[in-house]
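Here it is, written out as structure tokens:
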């Protein structure tokens, strides 16, 4: 009888502990959307009738210290400031913190800046909150080489693709996933790059980030986490190579397990930029954290999606496209994963740029979307165009590259947790040439309608 009682108590304790873990996970800001979209637990979710964006851009204002309004090729991250700032919420003063890739006049180096906004239209330097004009940068100016740093993975470029809160650590512990580029094979500068996905942490809400490290693989605080199976050549090469344009999303499972998913573009060096080039990798957060002091955690192990599972290592592993096919008749790139809490679905949004001209002789590009019920299974539906996003894709007037009113779309819904959207919201993006010309940060409203 005593043994039976002991076993019963043991089972009861385990069940109560499991319930507590699920409850704690559901209370986190990142898990709030899962609770709102919990109908998917029973195989139910709303179906999209239409997905459209406004055809007119919202004009945004931001600091003039950007060097020639030089906004490089990355997504933008808008974090609701109040959950992580500490103390009482102050939504009326600084509800959002924007991290985006940009040069600044003082250094001339490519890097990441932090801005604040109260209305998602007017953006100001976050210096009043203790942020420098540029919070992180590469070690040398973009178009130069330095014999000391020529082997470094992010020698010429370190532009944030996503900045996210690590939900397994106290508020203010942020993760940056950034595009890291080396343009100096053998010490000779060239326009084509070898890219890796860089990883860095900040324990003070993004005010300070680790300094560059003179090493091919950095150190525990700043290092590449995704590297292509194609090695960086020792001499100049004719096309871009590597894993580039990262964007991240944190997903909380029903058992409270936190996974960091990264979607990125693969440049293989053979076809230049294959039509099905969108890739996904992931790492589990917090599973080996043991209190390393000051919010630091040991390096994460990333795994790439390859032929139906996360089976290949992030560094040097093979990867495969997450879409079996797509209606996009061109190059797929600039992808982003969000969780739509109203639909109860994950969404992957990307740019489809043309590989050929239309029958009327025009080049057009557009945003596409796909939905999934599980990021672990990567069960994405066939991508569909987002109405109103199509725009001309001509060559730049005075340089190489193209013009597009919609590079690097980043979707948010005011009031939703970071990384989550609702049926309405805003898409932030870049408008202008992709190389050699100034560009503008803009936004448009989006609307999703559902079937009855």
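Residue numbers (the working numbering): 186 to 637.
Where a beta carbon is used, it is the ideal one built from N, C-alpha and C, also for glycine.
All values reported here derive from a predicted model rather than from experimental measurement.
Whose CA, out of the options, lies closest to the CA of residue i?
i           : options            : result
residue 322 : 333, 305, 298      : 298
residue 502 : 402, 428, 471, 514 : 428
residue 489 : 448, 416, 348      : 448
residue 624 : 286, 329, 342      : 286
residue 509 : 564, 311, 595, 375 : 564
residue 346 : 283, 332, 353      : 283
residue 303 : 600, 608, 471, 289 : 600
residue 580 : 441, 573, 424, 589 : 589
residue 634 : 591, 572, 431, 377 : 572
residue 570 : 561, 555, 562      : 555
residue 446 : 462, 566, 466, 439 : 466
residue 289 : 380, 602, 401, 344 : 344
residue 318 : 249, 361, 324      : 249
residue 163 : 558, 360, 534      : For residue 163 there is no data in the structure shown, the boundaries of the chain being 186 and 637.
residue 507 : 523, 280, 330, 566 : 566
residue 547 : 553, 535, 534, 575 : 575
Based on DSSP bridge pairs, tell me the residues matched to residue i.
i           : result
residue 355 : Answer is none; residue 355 lacks a bridge partner.
residue 570 : 553
residue 344 : 364
residue 232 : None, per the DSSP bridge assignment.
residue 452 : 427
residue 301 : 282, 309
residue 388 : Partner(s): none; residue 388 has no beta bridge.
residue 601 : DSSP lists no partner for residue 601.
residue 134 : With the chain covering 186 to 637 only, the question about residue 134 has no answer from this structure.
residue 498 : 488
residue 288 : Beta-bridge pairing links residue 288 to no other residue.
Would residue i pass as a contact of residue j if the rule is Cβ separation under 9 Å?
i           : j           : result
residue 265 : residue 337 : no
residue 484 : residue 422 : no
residue 568 : residue 537 : yes
residue 394 : residue 320 : yes
residue 550 : residue 497 : no
residue 499 : residue 415 : no
residue 408 : residue 425 : no
residue 261 : residue 626 : yes
residue 637 : residue 613 : no
residue 592 : residue 258 : yes
residue 382 : residue 462 : no
residue 247 : residue 307 : yes
residue 378 : residue 367 : yes
residue 630 : residue 238 : yes
residue 334 : residue 399 : yes
residue 229 : residue 316 : no
residue 607 : residue 525 : yes
residue 362 : residue 432 : yes
residue 628 : residue 245 : yes
Please report whether the beta-carbon of residue i lies at a distance below 9 Å from any beta-carbon of chain D.
i           : result
residue 591 : No chain D is present in this structure, which holds just one protein chain.
Assuming residue i contacts residue j under a Cβ cut-off of 8 Å, what Cβ separation, rounded to an integer in Å, is found between them?
i           : j           : result
residue 495 : residue 604 : Not quite, the Cβ-Cβ distance comes to about 19 Å (not below 8 Å), so this is no contact.
residue 350 : residue 341 : About 29 Å; that fails the 8 Å criterion.
residue 305 : residue 611 : 6 Å
residue 470 : residue 353 : 5 Å
residue 364 : residue 437 : About 26 Å separates the two Cβ atoms, so there is no contact after all.
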